[in-house]
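Novice: Mind looking over this structure? Questions follow.
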Amino acid sequence: MKKNRLKYAGYSLFILLLALTLAASSNDKKTVNDEMGVFIDSLINEMTIEEKAGQLTLYTSGWTVTGPQLRDDYVEELKAGRAGNLFNAHTVDYAIKLQKIAVEETRLGIPLLFGLDVIHGYKTTFPIPLAEAASWDLALIEKTARLSAKEASSAGINWTYNPMVDIARDPRWGRVAEGTGEDVYLGSLMAAAKVRGYQGTDLSHHATVMACVKHFAAYGAAQAGRDYHTVDLSDRVLRETYLPPFKAALDAGATTVMTSFNELDGLPASGNHYLMTEILRDEWGFDGFVVTDYTAINEMVPHGVVANNKEAAALAFNAGVEMDMQGGVYSKYIPELIKEGQIEESRLDAYVRRVLEMKYRLGLFEDPYRYLNADREKETLFSKELMDHALELAKESIVLLKNENIKGGPVLPLSKSTKSIALIGPLADNQKDMLGTWHVAGDESKAITLLKGIQEVAPDVSINYARGVSFQGSGSSGFAKALQAARKSDVVVMALGENYQQSGEAASRSEIGLPANQLELLRQIHALGKPVVLLVMAGRPITLEWSDQNIPAILNTWHLGTMAGKAIAEVLFGDHNPSGKLTMTFPRNAGQIPIYYNMKNTGRPFDAKNKYTSKYIDVANEPLYPFGHGLGYSDFSYSEISMNKKEMTQNETLSLSVNIKNRGKHDGKEIVQLYIRDLVGSVTRPVKELKGFQKVAIKAGESRKVTFSISSNDLAFYTRDMSHKAEPGAFEVFVGTSSAKGVSAKFSLK
Ligand code: NOJ
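Residue numbers (the working numbering): 12 to 761.
Given below as structure tokens:
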């Protein structure tokens, strides 16, 4: 450590020691910041332009069959100080080797940042984010991030490229799996919870990591759901729908932001001054740093807004982007661009300062090996704390879409005294796909399959397993065995859906139903007349219209991570009463897309009797399963709304409540949702907007009063002149079990 400090040639050891002593002893943030400022300024004074550009450069390490490996030319770049940051370089052993190069073999010994896509866990894999969102449980979500940080940081990571906060209303887009769904309010709260979880209250603590909120901005609005495709939005929609989760994440303290691949208003995000400087810095006062997405600067050439990489580097730099991920163009062209006067050195210094500040705040100057402790790594990976959370969260993420009565009672939960079940499908005895998309370092060998989960949870039930069908393709050679398994069983459980590569980045689909062959097997099994439970395992909303019409019980179980099989089995057999609710609308068919609950009314709202109203002639307007939908084994009834007043002023709050009764036989949890509609605005307003929710536990036979309060802040929007405020007038409020079902009342704002 001392060695490292002495590396800073020409830098006064006295100032450094003073800084470190004061930083350690003082609670005064300003003093710490001043000391950091002095330290970093003197370091910058020592740096060459090449070394400065190096601090703005991030390269990936690769993992080969023989283990982790950094390209030889990157090692050379590291040693020369031309690359100051790495990603995909994890595990303590490997990261120590690399950090040593930076600390001991470069002129100034500036430590490296180690980044990774810790999206839903590091080794212990939690449910995909879209599944996690279905828990509507901010405390659990914060805990996921905190535990992910703990596990990843134990393996050397100090920077995660998460949360992804892109609002997404097109389930064809594969990356919906990585976000929290379609809603701005919910997405904003979840974004903030994740940032709090990752970063904690002390960035220099060895168990916290920097969060990187991504992808700035509007990546989720790719046309036709095709990844990386064009985005074209009004400023109103950008600000109302796509930006709020970013703002919420930054307000929660997110230290870094990642640019998106898409263009916005004709300019790729990585070269977009409006986004990176006017909004992020000038309006929001962001003081962390921006990193591009992977080679996103270089991609401005094929986008067609610059002729070559050098022009691309200048455009990104002048737009306000600090760090170049993997493109290598900052390192290559910044020195030249400075010489030519195309970019300013004072700006370069400001960018480098922001990066070094983060290294300082992470505590890397004090101890570059702070995150590199092999004992801690060993005791943290897959620890009980992590595995317990993985199970709890997986259970909370499951959404019961349908549960019909047959033979006098609901199909689910299944009885543990059921004699035999047929367990069929490509996801029934499958470890890898349980982990879902972007599971980076996740270890499939630790994943619990559904077959194993059922064996553990219901050991007396005899299981007739058959894979039956593969994910895609048309072969039916497995059908006979599956049909035979079904014939000899009392109940059939079908585990169908997508494999882990069918959602996520670069995995857009034009049809989002169950793959044809899987559906065909489901139809043939259904024709046998046995009770069938369909488990849908996927990284996106799937169109399930035939299944909804024919299959009595459907559980949406997403890709739930390491503990998937156990969680699903507990729900199937009633050890856990499901309470998850969809945070993305499930359409009837892909033709309804984009579809989301908070649409506008139009001038010709749906009227079945009038042809010339806004509708399809071949499908309903309503989705199959709306936003907020999710059943359980309880049966909740809602009273009418009672309010403390019918009229409020801008400074008042209105309080309203409903009584909810659990009329069922099972104790359960209900996610009670509050929606508001502004009936007349200076611009059109959505038919409903989520403004509150509570997840409440209610015992069988008991009632609970749930109270919400509404302030004018909840009623604010971008008015016709783009000021953000609430307009006086009439409002409708809905409280319900989903965005489509509930009780309503009216009030007004004076
Ligand atoms: C590309 C993805 O878009 C981004 O989300 C991710 O963080 C980077 N690759 C790095 O893996």
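Beta carbons: idealized from backbone N, C-alpha and C, even for Gly.
Please read all numbers here as calculations on a predicted model, not as lab measurements.
Thinking C-beta only, is Glu-556 closer than 8 angstroms to Asn-600?
Specialist: On the sequence shown, residue 600 is found 589 positions in, with the first residue counted as 1. On the sequence shown, residue 556 is found 545 positions in, with the first residue counted as 1. Yes. Within cutoff.
Novice: Just list the beta strand (DSSP E) runs in the region 418-488, keeping only unbroken ones of 3 residues or longer that don't cross its boundaries, in chain order.
Specialist: Those beta strand (DSSP E) runs which fall completely within the region 418-488 and span 3+ residues are 431-435, 473-477.
Novice: Leaving aside the five residues before and after Gln-234 along the sequence, list all residues of the same chain whose C-beta is less than 6 angstroms from its C-beta, in chain order.
Specialist: Here residue 234 refers to the residue found at position 223 when the sequence shown is read from its first residue. Answer for Gln-234: His-240, Thr-241, listed in chain order.
Novice: May I ask you to check if the CB of Met-269 is nearer than 7 angstroms to at least one heavy atom of the ligand NOJ?
Specialist: For the purposes of this step, residue 269 is taken as the residue at position 258 of the sequence shown. Yes.
Novice: Report whether the distance from the Cβ of Tyr-85 to the nearest heavy atom of the ligand NOJ is below 7 angstroms.
Specialist: Start at 1 with the first residue of the sequence shown, and residue 85 comes out as number 74. Checking every heavy atom of the ligand NOJ against the Cβ of Tyr-85, none is found closer than 7 angstroms.
Novice: Ile-579 to Tyr-209, Cα distance in whole Å?
Specialist: One-based indexing of the sequence shown puts residue 579 at position 568. One-based indexing of the sequence shown puts residue 209 at position 198. The alpha-carbon atoms of Ile-579 and Tyr-209 are separated by roughly 27 angstroms.
Novice: Helix or strand or just coil, what does DSSP make of Gln-560?
Specialist: In the sequence shown, residue 560 corresponds to position 549, counting from 1. Reduced to three states, the DSSP call for Gln-560 is helix.
Novice: Examine the ligand NOJ and report whether any of its heavy atoms sits within less than 7 angstroms of the Cβ of Tyr-70.
Specialist: As a first step, residue 70 must be located in the sequence shown, where it is residue number 59. No.
Novice: In whole angstroms, give me the CA-to-CA distance for Ala-307 and Val-114.
Specialist: One-based indexing of the sequence shown puts residue 307 at position 296. One-based indexing of the sequence shown puts residue 114 at position 103. Distance between the alpha carbons of Ala-307 and Val-114: 29 angstroms.
Novice: If Pro-279 sits next to His-314, beta carbons under 8 angstroms apart, how far is it from one beta carbon to the other, in whole angstroms?
Specialist: Numbered from its first residue, the sequence shown carries residue 279 at position 268. Numbered from its first residue, the sequence shown carries residue 314 at position 303. About 5 angstroms; that satisfies the 8 angstroms criterion.
Novice: Rounded to whole angstroms, what is the Cα-Cα separation between Gly-602 and Ser-521?
Specialist: As a first step, residue 602 must be located in the sequence shown, where it is residue number 591. As a first step, residue 521 must be located in the sequence shown, where it is residue number 510. Using only the alpha carbons, I get a separation of about 10 angstroms.
Novice: Do Tyr-686 and Val-669 have their C-beta atoms closer together than 8 angstroms?
Specialist: On the sequence shown, position 675 is the one that residue 686 refers to. On the sequence shown, position 658 is the one that residue 669 refers to. No, the Cβ-Cβ distance between Tyr-686 and Val-669 is not below 8 angstroms.
Novice: What do you reckon, are the CB atoms on Leu-438 and Leu-530 nearer than 8 angstroms?
Specialist: The residue given as residue 438 occupies position 427 in the sequence shown. The residue given as residue 530 occupies position 519 in the sequence shown. Their beta carbons are not under 8 angstroms apart, which means Leu-438 does not touch Leu-530 by this criterion.
Novice: So, with DSSP's three-state summary, where would you put Phe-79?
Specialist: Numbered from 1 along the sequence shown, position 68 holds the residue referred to as residue 79. In the sequence under discussion, the amino acid at residue 79 is Pro, which differs from the Phe named in the question. In the structure shown, Pro-79 sits in a strand (DSSP, three-state: E or B).
Novice: Taking only the alpha-carbon atoms, compute the straight-line gap between Asp-616 and Ser-625 and give it to the nearest angstrom.
Specialist: Numbered from its first residue, the sequence shown carries residue 616 at position 605. Numbered from its first residue, the sequence shown carries residue 625 at position 614. One detail in the question is off: residue 616 reads as Pro in this sequence, not Asp. C-alpha separation (whole angstroms): 6 angstroms.
Novice: Under 5 angstroms from any heavy atom of the ligand NOJ, by CB: list those residues in chain order, please.
Specialist: Listed by chain position, these are Asp-128, Tyr-172, Asp-304, Tyr-305.
Novice: Does the region 492-499 touch the region 454-470, meaning 3 or more C-beta pairs lie closer than 8 angstroms?
Specialist: No contact exists between the region 454-470 and the region 492-499.
Novice: Give the DSSP bridge partners of Trp-170, in chain order.
Specialist: As a first step, residue 170 must be located in the sequence shown, where it is residue number 159. Trp-170 pairs with Gly-126, Met-221.
Novice: For the candidate residues Lys-134, Met-201, Ile-121, whose alpha-carbon lies nearest to that of Ser-146?
Specialist: Indexing the sequence shown from 1 puts residue 146 at position 135. Nearest option by C-alpha distance: Met-201.
Novice: Could you spell out the range, first to last residue, of the alpha helix (DSSP H) harbouring Gly-576?
Specialist: Here residue 576 refers to the residue found at position 565 of the sequence shown. Start and end: 575-583.
Novice: Counting Cβ pairs, one atom from each stretch, are 3 or more of them under 8 angstroms apart for the region 430-447 and the region 74-87?
Specialist: Touching, no, given that fewer than three Cβ pairs across the two stretches are closer than 8 angstroms.
Novice: Around the Cβ of Met-733, are there at least 16 other Cβ atoms within 10 angstroms (buried) or fewer (exposed)?
Specialist: For this step, residue 733 is matched to residue 722 along the sequence shown. So Met-733 counts as exposed.
Novice: With respect to the beta strand (DSSP E) encompassing Arg-715, which residues constitute its N-terminal and C-terminal limits?
Specialist: One-based indexing of the sequence shown puts residue 715 at position 704. Run containing Arg-715: 714-722, per the beta strand (DSSP E) assignment.
Novice: Report the option in Ile-465, Met-595, Asn-414 whose CA atom is closest to the CA atom of Ala-564.
Specialist: Numbered from 1 along the sequence shown, position 553 holds the residue referred to as residue 564. Comparing Cα-Cα distances from Ala-564 to each of Ile-465, Met-595, Asn-414, the minimum goes to Asn-414.
Novice: Starting from Lys-680, trace the alpha helix (DSSP H) both ways and give me its first and last residue.
Specialist: Taking the sequence shown and counting its residues from 1, one reaches residue 680 at position 669. Where Lys-680 is concerned, there is no enclosing alpha helix (DSSP H), although the beta strand (DSSP E) it sits in stretches over 679-689.
Novice: Looking only at DSSP bridge pairs, what is Thr-695 linked to?
Specialist: Here residue 695 refers to the residue found at position 684 when the sequence shown is read from its first residue. Answer by DSSP bridge pairing: none, since Thr-695 is not bridged.
Novice: Grouping DSSP H, G and I as helix and E and B as strand, with all else coil, what is Met-311?
Specialist: On the sequence shown, position 300 is the one that residue 311 refers to. Looking at Met-311 - three-state DSSP - the assignment turns out to be helix.
Novice: Could you give the DSSP three-state label for Glu-388: helix, strand or coil?
Specialist: Here residue 388 refers to the residue found at position 377 of the sequence shown. In this structure, Glu-388 counts as helix in the three-state DSSP scheme.
Novice: What is the DSSP secondary structure of Val-248, reduced to helix, strand or coil?
Specialist: Your numbering for residue 248 matches position 237 in the sequence shown. Helix, per DSSP.
Novice: With DSSP as the reference, label Ser-519 as helix, strand or coil.
Specialist: As a first step, residue 519 must be located in the sequence shown, where it is residue number 508. In this structure, Ser-519 counts as coil in the three-state DSSP scheme.
Novice: Residues in the same chain with beta-carbon distance under 6 angstroms from Ala-549, minus the five sequence neighbours each way, listed in chain order, please.
Specialist: Mapped onto the sequence shown, residue 549 falls at position 538. Excluding sequence neighbours, Ala-549 sits near Gly-508, Glu-509.
Novice: Along the beta strand (DSSP E) that carries Met-269, what are the first and last residues, could you check?
Specialist: Here residue 269 corresponds to residue number 258 of the sequence shown, with the count starting at 1. Met-269 -> beta strand (DSSP E) spans 267-270.
Novice: Kindly indicate which three-state DSSP category Asn-329 falls into: helix, strand or coil?
Specialist: Indexing the sequence shown from 1 puts residue 329 at position 318. Note: Asn-329 maps to helix in three-state DSSP.
Novice: Can you have a look at Tyr-344 and say buried or exposed, based on whether 16 or more other CB atoms are within 10 angstroms of its CB?
Specialist: Against the sequence shown, residue 344 aligns to sequence position 333. It counts as buried.
Novice: Considering Met-398, what are the terminal residues of the alpha helix (DSSP H) in which it resides?
Specialist: In the sequence shown, counting from the first residue as 1, residue 398 sits at position 387. Run containing Met-398: 395-408, per the alpha helix (DSSP H) assignment.
Novice: With a threshold of 7 angstroms (Cβ to nearest heavy atom), would Asp-45 be considered close to the ligand FAD?
Specialist: This structure lacks the ligand FAD; its bound ligands are the ligand NOJ.
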